[in-house]
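A.B. asks:
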DNA sequence: CCGATGAAACATGTTTGACAGGTGGCCATG
DNA sequence: CATGGCCACCTGTCAAACATGTTTCATCGG
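Residue numbers (my numbering), protein chains in the order written: chain A, 1 to 241; chain B, 242 to 482.
1. Nearest chain A C-beta to residue 262/B closer than 8 Å, yes or no?
2. By the criterion of Cβ-Cβ separation under 7 Å, what are the contact partners of residue 127/A in chain B?
3. For residue 29/A, return the contacting residues in chain B, with the cut-off set at a CB-CB distance below 8 Å.
4. Bridge partners for residue 308/B per DSSP, in chain order?
5. For residue 106/A and residue 408/B, I'd like the C-alpha separation in whole angstroms.
6. Assuming residue 483/B contacts residue 360/B (C-beta within less than 8 Å), just tell me the rounded distance between them.
7. With DSSP as the reference, label residue 219/A as helix, strand or coil.
8. Assign residue 11/A to one of three DSSP states: helix, strand, or coil.
9. Using the Cβ count rule (16 or more neighbours within 10 Å means buried), how would you classify residue 443/B?
10. From residue 315/B to residue 458/B, what distance separates their C-alpha atoms?
11. Any beta carbon of chain B sitting closer than 8 Å to that of residue 164/A?
12. Would you mind working out which of 109/A, 35/A, 159/A sits nearest residue 69/A, comparing C-alpha positions?
13. Please classify residue 490/B: does DSSP put it in a helix, a strand, or coil?
14. Quick check: what's the CA-CA separation for residue 78/A versus residue 307/B?
15. Hey, would you say residue 411/B sits closer than 8 Å to residue 358/B, going by beta carbons?
16. Sorted by chain position, which residues of the same chain lie with C-beta nearer than 8 Å to residue 245/B's C-beta, five sequence neighbours on each side aside?
17. From residue 294/B to residue 39/A, what distance separates their C-alpha atoms?
18. From this set, 47/A, 81/A, 220/A, 200/A, which residue's C-alpha is nearest residue 284/A's C-alpha?
19. Compare the Cα-Cα distances from residue 419/B to each of 349/B, 464/B, 344/B and report the closest residue.
20. Which residues in chain A have a C-beta closer than 9 Å to the C-beta of residue 321/B? List them in chain order.
21. Between which two residues does the alpha helix (DSSP H) harbouring residue 142/A extend?
22. Output, in sequence order along the chain, the residues in the stretch 437 to 448 of chain B whose CB is closer than 9 Å to any CB in chain A.
23. So, at 6 Å on beta carbons, what are the nonlocal neighbours of residue 172/A in its own chain, with the 5 sequence-adjacent residues on each side left out?
24. At a cut-off of 7 Å, is residue 136/A close to the ligand SAM when judged by its beta-carbon and the heavy atoms of the ligand?
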């Protein structure tokens, strides 16, 4: 009704407007990770809204991983965090909006490309880390819980070698929601033959990347996704929804 | 110092615990999109915490896109929304955690795979929509603002033909943060030669997908990303950070 | 002069109570 | 049976207050 006193705040809920204000502030002032943002009361006075509303906004931004708010400390800009993306996917899966196979479909192509880019962008240290992670896979049988962790470490090492934060984030995020169902599936139903195949495939992946052979790396990762994992998928062992 | 009085509520903030409670509720009760969740006061009484805390949690979940809360209405489970992902990427870009080229690197591979999967999973209607979207690209010059919209529509049509919500969501989300910088870039610096090339490439994409030729589709999309766009990228015209 | 100590200032965490306004269903009246 | 109004319930917002954790800085003792 009135537009003469408060010029900015009008259409949506106050919280949403405060959130937009803060995001705008971050963009405008070119704030980086670790920088502080104004305190709740400051913003509350600045925008002439109650502290409760501002609190809601801060907590919302903290939930999406933008801000880090802790008691006593000044709120700071937080680093991009794969867990919020992972929660997003996990939630989508929990509400049956996506299923495990669809996640695999996306993961396959992203990890294939990650392997390719790792052959191009990876430093020698990156490749060494990948090789070490690959070696550690021989230390445990597939049924061992530790093996899953080593497998995870290998794929993460590949993702890091890409030197593109998006790949690191998304690969971590897409892996998390499948972790437990994978553990169960692999623990229960893997035959000796499949186990040997899986280990051999991982060796191929490591070797291809370390030789900076993009084509072979891509192919190896593709097979890694196609052969054993999708077999489990089709058996219905890996099931997330 | 003391650990004898409060047994349950201790480590995290109450808000976080309420959020976890709600997410757990959604998972446990197998709630789907559109279902209602308990009201703020109900949860507040249920968990014996103040309504303000519960409100913060509800708003946080609304910001993440999980819940839809409106005055008077009961809070409901919301459909997965690409805008929250887009905001995530936009925020990462705004805080210089990622740059435009890294987004393109991810987009290229995802959209390539989308084209491949579209040839496999797309229905005849899907392909018809893709063809129509492709035709409309000839109606405007590249410099026209409407052309960008048609280009967007084409890529979205391809994403939809995959029949995997993750592809729809991520392609939409990755495109949004680049939209404006692309608009400027294309408007200002595209030569006639490049323009013809771009349009021809789009025709190739449409034709390949409609012929269900996965290899050609993938190749066409790859070139679409490699040739004109990366040229703009290298010139520094498209710049997001 | 320097460093440690303590308190004040400031930050978030949480509660209570209150009121306004929107939404939807129930019920009585026509 | 239809329709209006009414009421119960919901979110949106504010204000004041207290608890607790962190930072800062001045003061005091060496």
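Note that CB positions come from ideal geometry on N, CA and C, so glycine has one too.
C.D. replies: Taking the geometry as given:
1. no
2. Residues of chain B passing the Cβ test: none, with the nearest at roughly 19 Å.
3. In chain order: nothing, as chain B lies at least about 10 Å away.
4. 318/B
5. 7 Å
6. In the structure displayed, chain B extends from 242 to 482; residue 483/B sits before or after that span and is not available.
7. helix
8. In this predicted model, residue 11/A has a pLDDT of only 43, less than 50, meaning its place in the structure is not dependable; the value taken from the coordinates is given anyway. Coil at residue 11/A, not helix or strand.
9. Answer is buried; the Cβ neighbour count reaches 16.
10. 46 Å
11. Closer than 8 Å: yes.
12. 35/A
13. Residue 490/B lies beyond the range of chain B shown here (242 to 482); nothing can be said about it.
14. 21 Å
15. no
16. Annotation note: pLDDT 25 at residue 245/B (below 50); position unreliable, no value reported.
17. 19 Å
18. Here chain A covers residues 1 to 241 and nothing more, so residue 284/A does not appear.
19. 344/B
20. 88, 91, 92, 95, 97, 98
21. Neither: residue 142/A is in no alpha helix (DSSP H) and is coded neither H nor E.
22. none
23. 82.
24. No copy of the ligand SAM appears in this structure; indeed no ligand is present at all.
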